[in-house]
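Working notes, structure below.
Numbering (the numbering used here), first residue to last: 46 to 248.
Structure (structure tokens):
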């Protein structure tokens with residue numbers, strides 16, 4: 046039976062795993078996330094791979110090799126025209142991001158890197174990216190500043206949480222909702238099924 050390691054301390058990603066009833070252990074990566082890729086899908090996949098490989102290395106260093114393991118790394122970024130929006134540096138930055146996104150359509154990309162490491166056999170790696178298009182209502186400066194003052198956007202890519210109070214300002218999404226939250230669980234499940242592993246069967 047596989048043991049699932051989530052290479053993230055993100056509360057949203059942990060909550061999605063818990064909602065699906067998938068047993069897992071969360072381990073955060075401390076490596077600097079710097080990549081050369083500029084294309085959205087390649088960028089988030091590279092960032093996800095940094096996290097997954099870092100946790101795989103830590104597990105190997107700890108000689109924790111008694112169980113088959115699945116290590117899942119993910120990274121989410123918001124893209125608008127030529128702008129790449131990660132987490133805001135401060136409230137001023139959050140306001141800037143939301144003013145940029147207000148009234149338009151943007152894309153949310155999540156890159157996923159999955160390392161399948163059986164006790165016996167060869168290690169495998171799966172890498173992919175999922176894109177969801179999001180249409181945001183036009184917001185006033187006051188609405189943006191009031192939202193930023195709640196503190197909710199400060200650890201979110203693009204400076205908003207669709208699963209929180211900001212959801213009221215999202216008029217349309219095209220694609221996977223969970224991808225916007227930061228963890229495209231349906232595609233993760235699908236990719237692992239292709240390798241003969243059903244996350245819902247893990248106990």
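Even for Gly, the Cβ is constructed at its ideal location relative to N, Cα and C.
With 16 or more other Cβ atoms from the protein chains shown falling within 10 Å of its own Cβ, residue 58 counts as buried. In terms of CA proximity to residue 156, 87 leads the group 87, 82, 248, 223. Every unbroken stretch of the alpha helix (DSSP H) spanning 4 or more residues and falling wholly within the stretch 119 to 206 is given here in chain order: 136 to 146, 186 to 194. Listed as beta-bridge partners of residue 105 by DSSP are no residues whatsoever. Going by C-alpha positions, residue 114 is about 13 angstroms away from residue 102. DSSP places residue 80 in the coil class of the three-state scheme, outside both helix and strand. In the three-state reduction of the DSSP assignment, residue 240 falls in the coil class. The three-state reading of DSSP puts residue 217 in strand, counting E and B together. DSSP, reduced to helix, strand and coil, places residue 247 outside both helices and strands of the structure shown, so it counts as coil.
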